[in-house]
Every structure is written in C-alpha cells, then in structure tokens.
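Colleague: Please see the structure below; I have some questions.
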Amino acid sequence: MIGYITLGSDDPHGAAPFYDAVFGALGGTRSHTTETLAAWDFGPLRPQVMLTVPFEGAAASGNGSMVALMAPDPETVDRVHALALNQGAADEGAPGPRGPDFYAGYFRTPDGHKMNLFAVG
-5 MIGYITLGSD DPHGAAPFYD AVFGALGGTR SHTTETLAAW DFGPLRPQVM
45 LTVPFEGAAA SGNGSMVALM APDPETVDRV HALALNQGAA DEGAPGPRGP
95 DFYAGYFRTP DGHKMNLFAV G
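To convert, note that position 10 of the sequence shown is 4 in our numbering; the numbers rise steadily by one, no gaps.
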C-alpha cells in the first residue's frame, strides 16, 4: 500500500551518508540524487525512502513521526542500531524485547527523525 516515504531535511546531501550506511545495512541502495533530494530503494514492491528539503522552505522537523525499519532478526537490530549511533544518531531506546514476539531499538537521525529497527518472531 505505501509506495514511498518522504522525510524533510535541511541538508539532504549532508545527511545522505548516514542514510547510505543505515539503509545499506538493511539492503537499501541509493537510487537517485537531485539538487534537493536523495532517495533509497529496498527492492521491488517495497517502499522507497526520500530525503528532501521541505517544499515551502521552512525548517525540517521529525517531531511526532517515526519510521519503522524491519530487520530479519534481533542480531540485525542490534548491529544496525549500533551502526546508526556510530554514524551520529542519538539513542532513543536500546535494542531489546518489547513483548513476547517483538524486538526493537530506537534512534533519532542527525536530521531529528525518530526511527525504530524491529524484528518479529
């Protein structure tokens, strides 16, 4: 149902290396870059993620929204969460069980977007 997600950034080109590292660790590849946008693909029929300067020019903010990134297993959640922190993300919740069949860790990107890495099962 979801085709793509657009996240605002005051500096998409400066932020792109962070997303290259995190999304790359989850199988994503940067698909294109323009003057005001960078985008990553995760495979056929999977949502694309775009990072762009807000159209109206106002400051970008990630307050109140969260993007959840599915990982194949808890070990990948641990590894990618640590990678995100090493790339400049802020820890918003260490990886661990969040109920019987849900394992997750949270971080805030250098742009201020809250993200969740999770594995089910």
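From the three backbone atoms N, C-alpha and C, an ideal C-beta is built for every residue, glycine too.
DSSP state of residue 77, grouped into three classes?
Modeller: Within the sequence shown, numbered from 1, the residue matching residue 77 stands at position 83. Of the three classes helix, strand and coil, the one that applies to residue 77 here is helix, per DSSP.
Colleague: Beta carbon of residue 68, beta carbon of residue 33: below 9 Å?
Modeller: As a position in the sequence shown, residue 68 is number 74, starting the count at 1. As a position in the sequence shown, residue 33 is number 39, starting the count at 1. Taking 9 Å as the Cβ cut-off, residue 68 and residue 33 do not qualify as a contacting pair.
Colleague: Quick check: the Cα distance between residue 97 and residue 47, rounded to an integer number of angstroms?
Modeller: Numbered from 1 along the sequence shown, position 103 holds the residue referred to as residue 97. Numbered from 1 along the sequence shown, position 53 holds the residue referred to as residue 47. Roughly 32 Å between the two C-alpha positions.
Colleague: I'd like to check one pair, residue 22 with residue 36: are the Cβ atoms closer than 9 Å?
Modeller: Position 42 of the sequence shown holds residue 36. Position 28 of the sequence shown holds residue 22. Yes.
Colleague: Are the beta-carbon atoms of residue 144 and residue 87 separated by less than 9 Å?
Modeller: No answer is possible for residue 144: it lies beyond the span of the chain, which begins at -5 and ends at 115.
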